[in-house]
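Participant: Numbering-wise, UniProt numbering puts 36 at position 36 of the sequence shown, and it's gapless, one number per residue.
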Amino acid sequence: MRHLASIQKTSETKSTSEADLMNNRSKKGEYLSLIEIARYKNPTEPKAVVESWMRQQDTIEFLGMWEYLNNPNFKLDQFEEFKKEAEANAFLFSPKKWIDATGATGLMIRAGRGGGIHAHSDIALQFACWISVEFKMYMIKEFLHLKEDEHGASGWTAKSEFANIGIVMK
Numbered sequence: 001m002r003h004l005a006s007i008q009k010t011s012e013t014k015s016t017s018e019a020d021l022m023n024n025r026s027k028k029g030e031y032l033s034l035i036e037i038a039r040y041k042n043p044t045e046p047k048a049v050v051e052s053w054m055r056q057q058d059t060i061e062f063l064g065m066w067e068y069l070n071n072p073n074f075k076l077d078q079f080e081e082f083k084k085e086a087e088a089n090a091f092l093f094s095p096k097k098w099i100d101a102t103g104a105t106g107l108m109i110r111a112g113r114g115g116g117i118h119a120h121s122d123i124a125l126q127f128a129c130w131i132s133v134e135f136k137m138y139m140i141k142e143f144l145h146l147k148e149d150e151h152g153a154s155g156w157t158a159k160s161e162f163a164n165i166g167i168v169m170k
């Protein structure tokens, strides 16, 4: 995949210390730099790409669900307020505002050298799918391939997976 190769190539050219910062591990998992991912879409203004993604209602819902499932200290009431505010065209949002208001742990902001906006790998994958349809298709195909391999001859299908979450396909 052309785009994945360019993202990998960019990452490989970084020094070890920058790579360590970009791929920061915490007790909750791996955190990736959203700015580095955003450079694929806009090399000169990657922060604008992140801010554009942040103000999407779907993004806020995704972040809220991730925090709800992974963060016992998540401020659900503030999340509900952000969901309402996101309906307005003039809604402005930032990772800092999200973290400060909700106690979010899925995003981290670091100042200084090697700093930036980092996200848990679950969130970073969602961001990458938003940036690149090609990457999203790759992820879907890989998921389906892995599920088929995992279940082998047991007859797993995408239809059965949808049925598990209440979506009936004919």
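Even glycine gets a Cβ: it sits at the ideal position worked out from N, Cα and C.
(1) In whole angstroms, give me the CA-to-CA distance for H120 and L32.
(2) In this structure, does DSSP put S121 in helix, strand or coil?
(3) Are the Cβ atoms of Y68 and S132 separated by less than 8 Å?
(4) Cα-Cα, which of K136, R113, N89, L76 is closest to T102?
(5) Hey, quick one: how far does the alpha helix (DSSP H) through L144 stretch, first residue to last?
(6) Going by the beta-carbon positions, is the gap between G106 and I117 smaller than 8 Å?
(7) Compute the Euclidean distance between the alpha carbons of K84 and E51, then round it to the nearest angstrom.
(8) With C-beta atoms as the reference, is E80 less than 8 Å away from Q57?
(9) Based on DSSP bridge pairs, tell me the residues matched to G109.
(10) Can you name, in chain order, every residue of its own chain whose Cβ lies under 7 Å from the Cβ of K9, other than the five neighbours on each side?
(11) Rounded to whole angstroms, what's the CA-CA distance from K142 to K136? Just pull it up for me.
(12) Expressed to the nearest angstrom, what Euclidean distance is found between the alpha-carbon atoms of W53 and A128?
(13) For the alpha helix (DSSP H) that contains E61, what are its first and last residues?
(14) Between which two residues does the alpha helix (DSSP H) holding E51 run?
(15) Just verifying my parser: in three-state terms, what is the DSSP assignment at K41?
Facilitator: A quick look at the data gives this:
(1) Straight-line Cα distance between these residues: approximately 6 Å.
(2) In the displayed model, S121 falls within a helix according to three-state DSSP.
(3) Against a cut-off of 8 Å, the Cβ pair of S132 and Y68 comes out as no contact.
(4) Answer by Cα proximity: L76.
(5) Note, L144: alpha helix (DSSP H), 133 to 151.
(6) Against a cut-off of 8 Å, the Cβ pair of I117 and G106 comes out as no contact.
(7) K84 and E51: Cα-Cα distance of roughly 18 Å.
(8) Not a contact, by the Cβ cut-off of 8 Å.
(9) As written in the sequence, residue 109 is Ile, which differs from the Gly given in the question. Under the DSSP definition of a beta bridge, I109 partners with I117.
(10) At K9 the pLDDT is 38, less than 50, meaning the model places this residue with poor confidence; the figure from the coordinates comes in the next sentence. Nothing listed; no residue qualifies.
(11) Reading the sequence as shown, one finds Glu at residue 142 and not Lys. Each residue's alpha carbon lies about 10 Å from the other.
(12) For W53 and A128, the distance between alpha carbons rounds to 10 Å.
(13) That run of the alpha helix (DSSP H) goes 57 to 70.
(14) Element bounds for E51: 46 to 54.
(15) K41 falls in the coil class under three-state DSSP.
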